[in-house]
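The next block holds one structure in the form of structure tokens; read it before the comments.
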Amino acid sequence: MRSPRLIAFAFVCGVQVALALTPNQSDPPDGFDIPQAVIARGEVTRFEYESKTVGETFRATIYTPPGFSPTQKYPVLYLLHGANGDENTWTQAIHADAILDNLYADKKLVPMLVVMPSSLSVTARKQTSGSRETKSRASMTFSDVLLRDLIPFVESKYPVLAGREHRALAGLSMGGGIALATGLANSDKFAWIGAFSGAGRRWLEPREKLRLLWLSVGDRDSLTSSGMVAADAFFTEKKIPHLFRINSGGHEPKVWKNDLYHFTPLLFHQ
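The opening residue of the sequence shown carries number 1190 in the numbering used here; numbering runs sequentially from there.
Here is the structure:
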């Protein structure tokens, strides 16, 4: 079994140099995804919004950090789910709220809002139930909904900081592929991008310099490992700085929990 590794690329005098970066811990500490009784917790709520792009209603979950104040403005991380997922995936399957709460308790995070949308409308979810392939095709249109409807809605209803430096986009599996394709094509809107076991091979050179481009996959992931390795090779060839993490595991929640734990502390540092 290959040990988890984290690779970054820097440029010294115009020459690309591979840097082996060692996180504080290769794997998160025990209990990192379990709610703790003695710490402050963020709040998880859900909302609906109308998409003018497709003329339908969508749902999303939002996490606000411990100590949230409506008079303070926050950066936003948009987290996308995989095929067969919805707005509850990150909190119910990945336990994102518990992971974030524990990171805040350890003072490892910049205060941020985390928006976890469903990539299917309420109507589409009923029509495509049971069909993974159909759901995947329908979800691919979500990039437009995200850009034209969800982000404007969030920025009109919540105290958030606008601008690319204050927006991050990441996702797992299918959502990782959408995040990578959408983020790279819209680097004027996102400075921080993450693909956790990302599906698809739609890679572009970002027009604007990214603050973070994160790729990761499990070492026993038979679904997306070849794509993530190919993405790493593409960005390496194009001399685009990025991080590439190989976790122990397959195409499964424990890998994405690990990703979230290591990815979020890197966000929104000025």
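Even glycine gets a Cβ: it sits at the ideal position worked out from N, Cα and C.
Asked: Cβ contact check for the region 1345-1361 and the region 1253-1266: 3 or more pairs under 8 Å; Found: yes
Asked: Span of the alpha helix (DSSP H) around M1417; Found: S1414 to E1426
Asked: S1405: first and last residue of the uninterrupted beta strand (DSSP E) it sits in; Found: L1401 to G1407
Asked: Pairwise C-alpha distance: G1231 and S1376; Found: 29 Å
Asked: Cβ pair G1383, W1403 closer than 8 Å; Found: yes
Asked: Range of the contiguous beta strand (DSSP E) that encloses M1305; Found: L1302 to P1306
Asked: Counterpart residues of N1436 in DSSP-defined beta bridges; Found: G1407
Asked: K1398 versus G1244: straight-line alpha-carbon distance, rounded; Found: 34 Å
Asked: Neighbourhood of P1454 by C-beta distance below 8 Å, restricted to the same chain and skipping five residues each side; Found: L1292, K1297 and L1298
Asked: A1422, buried or exposed, once every other Cβ within 10 Å from all chains shown has been counted against 16; Found: exposed
Asked: Identity of the residues DSSP links to G1360 by a beta bridge; Found: L1269 and A1384
Asked: Close-in-space but distant-in-sequence residues of the same chain around D1410 (CB under 6 Å, 5 per side omitted); Found: S1386, G1439 and H1440
Asked: Length-filtered (4 minimum) alpha helix (DSSP H) runs lying within the region 1244-1288; Found: 1278-1281
Asked: Collapsed DSSP secondary structure at S1332 in the structure displayed; Found: helix
Asked: Neighbourhood of R1248 by C-beta, 7 Å cutoff - its chain only, sequence neighbours within 5 removed; Found: R1235, E1237, E1276, S1307 and V1311
Asked: Same chain, Cβ closer than 6 Å to S1362, neighbours up to 5 away in sequence not counted; Found: G1271, S1386 and A1388
Asked: C-beta atoms of A1287 and P1224 nearer than 8 Å; Found: yes
Asked: Buried/exposed call for Q1214, threshold 16 Cβ in 10 Å; Found: A caution first: Q1214 carries a pLDDT of 41, below 50, which makes its placement in the model unreliable, though a value can still be read off. Exposed is the call here.
Asked: 6 Å CB neighbourhood of F1424 in its chain, flanking five on each side removed; Found: H1431
Asked: Check: S1307 C-beta below 7 Å from any heavy atom of the ligand MN; Found: Of the ligands one can find in the structure shown there are none, so the ligand MN has no counterpart to examine.
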